Amino acid sequence: MSSAFDDFVHVGQRSRDPAASSSHRGGGSVSDEFFKNSSGKRQFTEGVIVAAIRAQHPKYHFTVSPTYTCDLLSFGASSDDVTYFIRDADKALMERQFVPPARRYNDETGGTFAEHVSFASYDYVYKGDAFLLYVVNGQEGAFGTVAYNYILVDESESKVSAQKKTDDLLAAATRWQMELHGEVLVFDQGYWQPNKELWENVQKSNWEDVILEKEKKETIIDDVIGFFDAEDRYAEFGVPWKRGVIFYGPPGNGKTISTKALMHDISKRTKPAIESLYVKTFNSYAGPEYGIRQIFTMARRMAPCLLIFEDIDSLVSPMVRSYFLNEVDGLESNHGILMIGSTNHLERLDPGIAKRPSRFDRKYFFDVPSREERIQYADYWRHKLRNNKKVEFPKELSVRVADITADFSFAYMKEAFVAALLVIVARTDEKKPKFRHREDELSGNILWKELKKQVDSLRKEMDGEDDDEQAMSMSGMWPALHGTLDEKSERLNFGHPGMERPQFANAFMQGRPFPQPGRDRMARPMDITNAPPMPRYF
Numbered sequence: 002m003s004s005a006f007d008d009f010v011h012v013g014q015r016s017r018d019p020a021a022s023s024s025h026r027g028g029g030s031v032s033d034e035f036f037k038n039s040s041g042k043r044q045f046t047e048g049v050i051v052a053a054i055r056a057q058h059p060k061y062h063f064t065v066s067p068t069y070t071c072d073l074l075s076f077g078a079s080s081d082d083v084t085y086f087i088r089d090a091d092k093a094l095m096e097r098q099f100v101p102p103a104r105r106y107n108d109e110t111g112g113t114f115a116e117h118v119s120f121a122s123y124d125y126v127y128k129g130d131a132f133l134l135y136v137v138n139g140q141e142g143a144f145g146t147v148a149y150n151y152i153l154v155d156e157s158e159s160k161v162s163a164q165k166k167t168d169d170l171l172a173a174a175t176r177w178q179m180e181l182h183g184e185v186l187v188f189d190q191g192y193w194q195p196n197k198e199l200w201e202n203v204q205k206s207n208w209e210d211v212i213l214e215k216e217k218k219e220t221i222i223d224d225v226i227g228f229f230d231a232e233d234r235y236a237e238f239g240v241p242w243k244r245g246v247i248f249y250g251p252p253g254n255g256k257t258i259s260t261k262a263l264m265h266d267i268s269k270r271t272k273p274a275i276e277s278l279y280v281k282t283f284n285s286y287a288g289p290e291y292g293i294r295q296i297f298t299m300a301r302r303m304a305p306c307l308l309i310f311e312d313i314d315s316l317v318s319p320m321v322r323s324y325f326l327n328e329v330d331g332l333e334s335n336h337g338i339l340m341i342g343s344t345n346h347l348e349r350l351d352p353g354i355a356k357r358p359s360r361f362d363r364k365y366f367f368d369v370p371s372r373e374e375r376i377q378y379a380d381y382w383r384h385k386l387r388n389n390k391k392v393e394f395p396k397e398l399s400v401r402v403a404d405i406t407a408d409f410s411f412a413y414m415k416e417a418f419v420a421a422l423l424v425i426v427a428r429t430d431e432k433k434p435k436f437r438h439r440e441d442e443l444s445g446n447i448l449w450k451e452l453k454k455q456v457d458s459l460r461k462e463m464d465g466e467d468d469d470e471q472a473m474s475m476s477g478m479w480p481a482l483h484g485t486l487d488e489k490s491e492r493l494n495f496g497h498p499g500m501e502r503p504q505f506a507n508a509f510m511q512g513r514p515f516p517q518p519g520r521d522r523m524a525r526p527m528d529i530t531n532a533p534p535m536p537r538y539f
């Protein structure tokens, strides 16, 4: 009677005993040559494990699947349809390590422990179907280690039924692994990497933090969010369901925060789910063209999605321009993809991108704020500081700030507020006079006094950067603050090396204590040797 395994190609390890080779299952000449090549001449852990499983579990149907495309343990830990328990724990091989927090300062978890499976077996149940699962990470020749799932099913029913159960499990686990779970896909170093920290940061963004003309803000929201509701309308008129939008203008005027607010809005959608894909660079181990190909391949797979190119004028160099344009508007469909490209220098962007219809066909200009927008931004800070007892922020102060910050970007206004608050933080121990003569309502206001100093200093900095716009571009939303404290202001001594200006300002607004200057200094540099585990790549 033929074995149930005869219809499959078997992988195993040939015994070094010539007498034993004739008894090997399926021992034809092709099989002999294969196992001869796999014995001693190279390491082939998969073949060894397969042979051992066949010997130990002869009545089981089994399937081998790599864990990098189908992580059954992670799927089981996240799915309500799965339960699993380790078998023979004393025979398992686990590597355990402590993973320090990604950010040392103000971390709530204090780090976590992680386990890496080198060898283990599990009783695994998916939707009532029982499996015996081996997870083995072994050496495969000269190419390092590779981890595999060995999925066994009792053949008490039939081989076809056993394979169907296994395929259902593999399909569900692979689909789950390709989905994002509270993450943003970031393309960097030639790989797509799920980034949970960026997703959490995006969740804190909303349109209330964006100071724009009401009409412009509503138009941007309608254009981007409305696109994902308009598939049927595009189809009705025979128009490809794809779109490109460019945000341009001087740095620090809301392009990035508007993008984050859009990412936050689409992250709340469920039918269908809309994911955000963020591109840091085109560079990859196989060159930028390969990187561009990987970017658009993933975008087409994840569609409908939001594909973001920040500083697109820097990304699309003359060397890759043709390849990029071919992916944007070539023969392949980009159905369901909305691209957002941001740039500080629209004039540097190739006309084939900036002016060609059907590529990036809508453009939004983010100019320096008007007086009314500067008043709104100052009111935004007044609202943030409303519960802080250490500063007085009357409504009149918003108007005064707007009057002295003409031609300031939002980034420079933010820097003025943060720098002024830091000076106030350093002076919290000074005694305030009980009585003082006021020439006007703000004459004795310490925040107003420091804001004027910071604005004067920043304006000098702006005047010195007229011929060098790149300096501001490189600083992003946090331009460097040079010489903003006058000779009468104390120099700030940051007691905690991990606390930077934004953290000081946020802590100050929440009324939280600060480390004392000069204390808690490290006696010597910290040697961090434990790196977090490698992220999963796509």
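In terms of the working numbering, the numbers along the sequence shown are unbroken and rise by one, the last being 539.
Glycine residues also receive a C-beta, built at the ideal position from the N, C-alpha and C atoms.
Note that the structure is predicted; figures quoted are calculated from it, not measured.
Inter-stretch contact (C-beta, 8 Å, three-pair minimum) for the region 152-168 and the region 47-63: The region 152-168 makes contact with the region 47-63; the number of CB pairs closer than 8 Å reaches 3 or more.
Ordered list of beta strand (DSSP E) runs contained in the region 215-285, each at least 3 residues: Runs of the beta strand (DSSP E) inside the region 215-285: 244-249, 276-280.
Whole alpha helix (DSSP H) runs in the region 292-356 with 4 or more residues, listed along the chain? The DSSP assignment places complete alpha helix (DSSP H) segments of no fewer than 4 residues inside the region 292-356 at 313-316, 322-330, 352-355, in order along the chain.
Using only CA atoms, which one of V329, M340, L350 lies nearest to S277? With distances taken between Cα atoms, S277 lies closest to M340.
Under 9 Å between C-beta atoms of S122 and V100: By the CB criterion at 9 Å, S122 and V100 fall outside the cutoff.
Take the Cβ of H62 as the centre, count every other Cβ of all protein chains shown within 10 Å, and call the residue buried at 16 or more, exposed below. It counts as buried.
For I87, which residues does DSSP report across the bridge? Note: I87 is bridge-paired with Y123 in the DSSP secondary-structure output.
Check whether the region 244-260 touches the region 324-342, taking contact to mean three or more Cβ pairs, one atom from each stretch, closer than 8 Å. Touching, per the Cβ criterion.
Where do the N-terminal and C-terminal ends of the beta strand (DSSP E) with A148 fall, by residue? Taken as a continuous stretch (DSSP letters only), the beta strand (DSSP E) holding A148 covers 146-155.
Check whether the region 287-300 and the region 372-382 touch, using three or more Cβ-Cβ pairs below 8 Å as the test. No: fewer than three Cβ pairs fall under 8 Å.
Cross-strand partners of L133 (DSSP beta bridge): DSSP output for L133 lists D124, L153 as bridge partner(s).
CA-to-CA distance, G145 to D266, given in whole angstroms: C-alpha separation (whole angstroms): 42 Å.
Bounding residues of the alpha helix (DSSP H) (the contiguous stretch that carries S66): Counting along the chain, S66 falls outside any alpha helix (DSSP H), though it belongs to the beta strand (DSSP E) covering 61-67.
Specify the secondary structure class of L181 as computed by DSSP and reduced to three states. It is coil, neither helix nor strand.
Just the Cα atoms here: how many angstroms apart are G512 and K391? Because G512 carries a pLDDT of 48, less than 50, the predicted location of this residue cannot be relied on, and the following value inherits that uncertainty. Here the C-alpha atom of G512 lies approximately 9 Å from the C-alpha atom of K391.
Consult DSSP for Y381 and reduce its assignment to one of helix, strand or coil. Helix at Y381.
Straight-line gap, Q164 to A173 (C-alpha atoms, nearest Å): Using only the alpha carbons, I get a separation of about 14 Å.
Let's see if you can read the secondary structure: which residues bound the beta strand (DSSP E) around K364? Residues 363-366.
Proximity winner among Q190, R104, T113, C71, relative to I293 (alpha-carbon distances): The shortest C-alpha separation from I293 is found at Q190.
Roughly how many angstroms lie between the CA atoms of V329 and K364, to the nearest whole one? When rounded, the distance between both Cα atoms is 17 Å.
Do the region 254-266 and the region 198-209 touch if we need at least three Cβ pairs shorter than 8 Å? The region 254-266 is in contact with the region 198-209.
Give every residue of the same chain whose Cβ lies closer than 8 Å to the Cβ of T406, excluding the five residues on either side of it in the sequence, and list them in chain order. Non-local C-beta neighbours of T406 in its own chain, meaning closer than 8 Å and more than five positions away in sequence, comprise R375, Y413, M414, A417, V456, ordered along the chain.
Span separating the alpha-carbon of T46 from that of P67: Approximately 13 Å, taken between the alpha carbons.
Would you grab the beta carbon distance between V126 and V83 for me? Rounded to a whole angstrom, and I think it's under 8 Å. About 7 Å separates the beta carbons of V126 and V83, which is inside the 8 Å limit, making them a contact pair.
Taking the alpha carbon of D312 as the reference point, which residue from H117, A78, F297, T282 has its own alpha carbon closest? Looking at the Cα atoms, T282 is the closest of the given residues.
Would you say P305 and I275 are within 9 Å of each other, going by their C-beta atoms? The Cβ-Cβ distance between P305 and I275 falls below 9 Å.
Quick one: using the 10 Å Cβ neighbour count with 16 as the cut-off for buried, is E451 buried or exposed? Buried, since its Cβ has 16 or more Cβ neighbours within 10 Å.
Leaving out the 5 sequence neighbours to the left and right, which residues in its chain are closer than 8 Å to R525 when beta-carbon positions are compared? Unreliable positioning characterises R525 in this predicted model, as indicated by a pLDDT of 34, which lies under 50. A coordinate reading is not provided.
Less than 7 Å between C-beta atoms, sequence neighbours within five positions excluded: which residues of the same chain meet that for V203? Excluding residues within five positions, the ones whose Cβ falls inside 7 Å are V185, K261, M264, H265, S268.
The alpha helix (DSSP H) enclosing Y192, as first and last residue numbers: Element bounds for Y192: not the alpha helix (DSSP H) but the beta strand (DSSP E), 192-196.
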